[in-house]
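Q:
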Amino acid sequence: MRKTDKSFFRVFRIFRVFRGQNSFPAIAILLIVLSAIIALNLMGRVWWCQAGDYSPWSWIVLSRHNSQHLIDPYSFTHILHGILEFWLIGLVFRKVPVAWRFVIAIFIESSWEVVENTYYVINRYREATISLDYYGDSILNSLADIICCGLGFLIAQKIRLWWSLAVFVVMELILLFWIRDSLLLNILMLLWPLDSVKQWQTTL
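Start counting at 1 in the sequence shown, then tack on 131, and there's your number in our numbering.
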């Protein structure tokens, strides 16, 4: 490996998944994330909150600030994305090094962030879920969601199966009590909306 490659790779040594790898997985991740940012920008996504609030977080789900700041309650669902992706990708690509599985996870999450911000999916969220004031993510929110997914992947890689399952269940329950939504419930309502569930959610 060239000296310049080694210097570039030092930035990523905090990630255990890259141990013993060259810099190509890290470069691939940077290119994937950069491509997603460019795609979102071309789609007309704003960089920050459309309402002009520059707070780094927003905890009110039923508002126009949802998915506009760096962190919101749904950031935790993206951590769960990463946990799920660690185990599912590992199940399918058992012989692929963990660093490249991490690349696959970031690619999946980045692709979802782009798809999620298409007009079809935005309207689907507004029609079927409690996201009545959802008009798409800001670019920085999407970037933060990708980072949260990567964090979830690293957590699962560190704590293994049963602790990952425990974290997943506990986080789902916390979200249900906190915002009356969660990753699994959000998927259910997006694919198969139930009026009774939506009514319960909107009485928050």
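Glycine included, each C-beta is placed from N, C-alpha and C at the ideal position.
(1) At which residues does the alpha helix (DSSP H) containing residue 192 begin and terminate?
(2) Are residue 313 and residue 208 touching if we call contact CB-CB under 8 Å?
(3) When you compare only the Cα positions, how much space is there between residue 197 and residue 232?
(4) Contact check, residue 214 vs residue 267 under 8 Å by CB: the rounded distance?
(5) Can you tell me where the alpha helix (DSSP H) holding residue 251 begins and where it ends?
(6) Measuring alpha carbon to alpha carbon, tell me which residue in 178, 243, 276, 165 is nearest residue 210.
(7) Using only the alpha-carbon positions, how far apart do residue 168 and residue 245 sit?
(8) Could you please give me the residues that DSSP links to residue 202 through a beta bridge?
(9) Can at least three beta-carbon pairs, one atom from the stretch 226-241 and one from the stretch 293-313, be found at a separation below 8 Å?
(10) Could you check whether the stretch 157-176 touches the stretch 184-199, counting it as contact only if at least three pairs of C-beta atoms, one from each stretch, sit closer than 8 Å?
(11) Quick check on residue 144: does DSSP put it in helix, strand or coil?
(12) So, do the stretch 191-205 and the stretch 173-180 have three or more beta carbon pairs nearer to each other than 8 Å?
(13) Which residues in the same chain have their Cβ closer than 7 Å to the Cβ of residue 333, if we skip the five residues on either side of it in sequence?
(14) Which same chain residues, not among the five before or five after residue 189, have their C-beta less than 6 Å away from its C-beta?
(15) Identify the continuous alpha helix (DSSP H) that holds residue 306 and give its terminal residues.
(16) Can you have a look at residue 281 and say buried or exposed, based on whether 16 or more other CB atoms are within 10 angstroms of its CB?
(17) If you run the structure through DSSP and keep just helix, strand and coil, what is residue 177?
(18) Under the assumption that residue 164 contacts residue 237 (Cβ atoms under 8 Å), give the Cβ distance between them as a whole number of angstroms.
(19) Any idea if residue 234 is buried or exposed, counting beta-carbon neighbours within 10 angstroms, 16 or more meaning buried?
(20) Thinking just about the alpha-carbon of each residue, which of 249, 160, 161, 242 is nearest to the one in residue 174?
A: Short version:
(1) No alpha helix (DSSP H) holds residue 192; DSSP gives it neither H nor E.
(2) yes
(3) 30 Å
(4) The pair is not a contact, with the Cβ atoms about 25 Å apart (cut-off 8 Å).
(5) 250-259
(6) 276
(7) 9 Å
(8) 188
(9) no
(10) no
(11) Since pLDDT at residue 144 reaches only 47, below the 50 mark, its modelled position is unreliable, and the value read off the structure follows with that caveat. It is coil, neither helix nor strand.
(12) yes
(13) 261
(14) 196, 200, 203
(15) 270-310
(16) buried
(17) coil
(18) 7 Å
(19) buried
(20) 249
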